[in-house]
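Chemist: Numbering (the working numbering), first residue to last: 68 to 1011. C-beta atoms are modelled at their ideal positions from N, C-alpha and C, and glycine is treated no differently. Sending over a structure as structure tokens; questions will come in a sec.
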């Protein structure tokens, strides 16, 4: 068989690489068209015996469930051994056994193994389990297996999926095609469960009375395994245009949850250790020894805990089966049966003898049941504190489903899968929570692997149609044709197959948002949780590189609880060389259905990315602690609008200001560049209101002129988002800064710049009375521009502002500053937010502005800014968008005529600079509403 122009055999293999057990399944196609998926009994070592020659030999058995444990045999050069014997060795040699490795996927290092073991990462350990399964299955089917589908939890993030893919590659599975493109090697576990369920319904193995797929259903899959809890919501419905096709869409999945049967075992084992110590409480010396040997004791107690849990669950299942027959006496509550546990403790020397009742176990495990949580609590999930239980992740999925479905969530069916899901306390809690009977998958331990094998069958049969997005699959589905050379089914089988519904698989989704970590704890969302996969973003602009840095750190994060973020992977970007003035970076994110993340980056000398310097691809390294990743100081500067860490940003600003006075030469230049970038970054923060209190406190207590200068600069950009009380506090601090200069004391050096920024800031936050105090400072050249800005911004002293403008309007000297005075006049003429400044002669202002626009000679486009300011001032003078404009009809006509003559008065090159302002002016004169872009243009032009 050819798949993507590559030769494959017809063996369809699905692998459930589980936390506790791993399972391999294959598919057989029956003559009637049924697709039968069956788990393969795989050989593994179960114990050791001594041969006649006195040598230790491994005794093997075939079983369907393979323990996901790897024992590295010290006596055989740390050769790996997988399965039951490896699991049994954990209690005796935990440093030589890798157990529950799936819960470590995505970490940089496998925990708990001896340094001498060659496998260092979870991917390498997992590859050993896959190699064992593939090797033994290859022997059974007498063909080498390089093509298989491996399941992963739906809540695995990008890095965890990449680690699983790496494990598959190490085990010999083909993960890419010859052209380098990705093969669909990974499959979400809940998707596999639904494949298995639908296949069993269509085979007649599950009755339509249990789940009727003829009507639309919201189906929640609850998969509690040994180490993870996977919950997804799916919508299953028939296509309106083709009722023979079942459309399955993934709606939501829970965030990654480290909760599983291992946690249940740990809780029981912790109580066992308490009992163990009490057993020898009369001998303090023994208790001390037990405490010292706890690391060796706990693996053995974990085995006892698992056995107790399984025995109790099996007994409860038996009680349920015979509940109708009172003669068995299973439900006699007065006869509370005890379950005896314990025995010799290897290497300890003190036996452990204990017993538990059902009530004892339930009391230990009750916290995992989330008993205080109810269905409606998904509406307030952010305020919930009880999170480590089986219900909180359900609420997470319900909340995400409600957001995606835009309404209240209804759950029509709950499919329970996973080894731990069979535990009676879990089933009872789900029944109580949802108010319906959960559908327990047939052989839950095997359903995932069976579903993966069914999916692999569809991959083989419809190779061209099933790419990464896994669209149309199904037996003889409409518009799908088998590959050339595939044997046709017998007529009877074809007729039966026509009655099977095809499956149209919707796109996978990303369970939780991924973020890019930046300087000082800032984060930028890269991909939003719930996004359909595969996904390719637009370029995200605005990131900045520090000057002269030739490499950059790219930490990938996910949000945990609250406002904390966990690093799950690191990217490392190396450039051709550093750039003297730094560089701007645009990032595009690409993620396939297997959730493997890649990033493309453009570097430019300008924020709008017009001058491209380099194009790079970032390499993402698994694990949160990558020793080869660049230092923290090499992270991106965040783009405008990013929510910043207030404490980190202000502390960093203060540190740079202190260093400026001690640094010399190039070091001082570097500090000044960083100060400029830091100030701009904070000024453009997306959480400006959060900076108010700490910034004001810092202003009150610091005497560092450089720091005060930066704080006033930032406050001017933030103050519009502050409360009235905070604005008043800022105004008082501005006047405190200006107290000396207002009293006539001369200032020199850095304090002049601080005073200038205080004047600008006062114009943004002060009352008219407070701002009026700076009018005398306009007489000083150093404070002239700032004072006019403050007066115009606050619409104070209108006659004074107009008088200064008129002086510049008819000035023949090159010393006049028409741009500054026209800008101030324009702000004073605004009608919105309180009306114009008192004392303005609006008709005279129109006359003066039109005179300048009609008679100013602008030969250099770089000097067109003063005409732009005049056009905006004219627009405000004649603004018809609000009532109360007293401008005369003659002035309106003069303004319109002036705008009409622009093309005649100015060159094409200059007109390109004036076009935006002229267009806005036309709309304001006609009383038309401005677009968001035009409003933003005006706001920018009103700022300095």
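What's the call for residue 843, buried or exposed, on a 16-neighbour Cβ count within 10 Å?
Modeler: Residue 843 comes out exposed.
Chemist: Can the beta-carbon of residue 590 be found less than 8 Å from the beta-carbon of residue 596?
Modeler: No, the Cβ-Cβ distance between residue 590 and residue 596 is not below 8 Å.
Chemist: Express the C-alpha separation of residue 436 and residue 421 in angstroms, rounding to a whole number.
Modeler: Each residue's alpha carbon lies about 25 Å from the other.
Chemist: Given a cut-off of 8 Å on the beta-carbon distance, is the pair residue 575 and residue 463 in contact?
Modeler: Contact flag unset, no.
Chemist: Should residue 945 go down as buried or exposed, given a rule of 16 or more other Cβ atoms within 10 Å for buried?
Modeler: Buried.
Chemist: So the beta strand (DSSP E) residue 38 belongs to, where does it begin and stop?
Modeler: The chain is shown from 68 up to 1011; residue 38 falls before or after that span and cannot be answered.
Chemist: Should residue 277 go down as buried or exposed, given a rule of 16 or more other Cβ atoms within 10 Å for buried?
Modeler: Exposed is the call here.
Chemist: Residue 781 to residue 578, Cα distance in whole Å?
Modeler: Going from the Cα of residue 781 to the Cα of residue 578 covers about 37 Å.
Chemist: Determine whether the beta carbon atoms of residue 494 and residue 505 lie at a separation below 8 Å.
Modeler: Cβ distance < 8 Å, so residue 494 and residue 505 count as in contact.
Chemist: Can you grab the Cα-Cα spacing for the pair residue 248 / residue 631, in whole Å?
Modeler: So the alpha carbons of these two residues sit roughly 35 Å apart.
Chemist: Please state whether the Cβ-Cβ distance between residue 477 and residue 319 is less than 8 Å.
Modeler: No.
Chemist: Leaving aside the five residues before and after residue 810 along the sequence, list all residues of the same chain whose C-beta is less than 8 Å from its C-beta, in chain order.
Modeler: Contacts found: none.
Chemist: Considering only residues of the same chain and omitting the five flanking positions on each side of residue 796, which have a CB-CB separation below 8 Å?
Modeler: Taken in chain order, the residues that qualify are 763.
Chemist: Whose CA, out of 801, 267, 774, 823, lies closest to the CA of residue 786?
Modeler: The residue with the shortest Cα to Cα distance from residue 786 is 801.
Chemist: Residue 91 and residue 112: beta carbons closer than 8 Å?
Modeler: No, these two residues do not count as a Cβ contact at 8 Å.
Chemist: With respect to the alpha helix (DSSP H) encompassing residue 671, which residues constitute its N-terminal and C-terminal limits?
Modeler: Note, residue 671: premise wrong, no alpha helix (DSSP H); beta strand (DSSP E) at 664-671.
Chemist: Helix, strand or coil for residue 478 per DSSP?
Modeler: In this structure, residue 478 counts as coil in the three-state DSSP scheme.
Chemist: Out of curiosity, what's the CA-to-CA distance linking residue 104 and residue 213?
Modeler: Their Cα atoms are separated by approximately 19 Å.
Chemist: Around the C-beta of residue 152, are 16 or more other C-beta atoms found within 10 angstroms, so that it is buried, or is it exposed?
Modeler: Burial call: buried.
Chemist: Following the continuous alpha helix (DSSP H) through residue 590, name the residue where it begins and the one where it ends.
Modeler: Element bounds for residue 590: not the alpha helix (DSSP H) but the beta strand (DSSP E), 590-594.
Chemist: Alpha carbon to alpha carbon, how far is residue 770 from residue 721? Give it in angstroms, no decimals.
Modeler: Near 11 Å, if we compare the C-alpha coordinates of residue 770 and residue 721.
Chemist: Just to confirm, is the Cβ distance from residue 220 to residue 256 under 8 Å?
Modeler: Going by C-beta atoms, residue 220 is nearer than 8 Å to residue 256.
Chemist: What's the C-alpha gap between residue 612 and residue 594?
Modeler: Approximately 22 Å between the Cα atoms of the pair.
Chemist: What residue from 923, 114, 182 has the CA that sits closest to residue 968's CA?
Modeler: Checking every option, the nearest Cα to that of residue 968 belongs to 923.
Chemist: Could you tell me the alpha carbon to alpha carbon distance between residue 440 and residue 295, rounded to whole angstroms?
Modeler: Each residue's Cα considered, the two are about 20 Å apart.
Chemist: In chain order, which continuous runs of the beta strand (DSSP E) of length 3 or greater are located wholly inside the region 294-356?
Modeler: Listed in chain order, the complete beta strand (DSSP E) runs (minimum 3 residues) inside the region 294-356 are 296-305, 312-320.
Chemist: CB-CB under 6 Å to residue 273, same chain, minus the five flanking residues each way: which ones, in chain order?
Modeler: Hits under 6 Å: 267.
Chemist: If you scan the region 906-970 from start to end, which runs of the alpha helix (DSSP H) of 4 or more residues do you find wholly inside it?
Modeler: Listed in chain order, they are 909-922, 932-944, 956-967.
Chemist: Should residue 679 go down as buried or exposed, given a rule of 16 or more other Cβ atoms within 10 Å for buried?
Modeler: Residue 679 should be labelled exposed.
Chemist: Where does residue 767 land, buried or exposed, given buried means 16+ other C-beta within 10 angstroms?
Modeler: Exposed, by the Cβ-count rule.
Chemist: Reducing DSSP to helix, strand and coil, say where residue 489 ends up.
Modeler: Correct three-state label for residue 489: helix.
Chemist: For the 8 Å Cβ check, are there 3 or more pairs between the region 327-337 and the region 367-385?
Modeler: Segments in contact, yes.
Chemist: In the DSSP output, which residue or residues are listed as bridge partners for residue 584?
Modeler: 590.
Chemist: Could you check what DSSP says for residue 610 in three-state terms: helix, strand or coil?
Modeler: Strand at residue 610.
Chemist: Run through the region 761-800 for me and flag every whole beta strand (DSSP E) of 3 or more residues, listed as ranges in chain order.
Modeler: Counting only runs of 3 or more, we get nothing.
Chemist: Please state whether the Cβ-Cβ distance between residue 869 and residue 910 is less than 8 Å.
Modeler: Contact: no.
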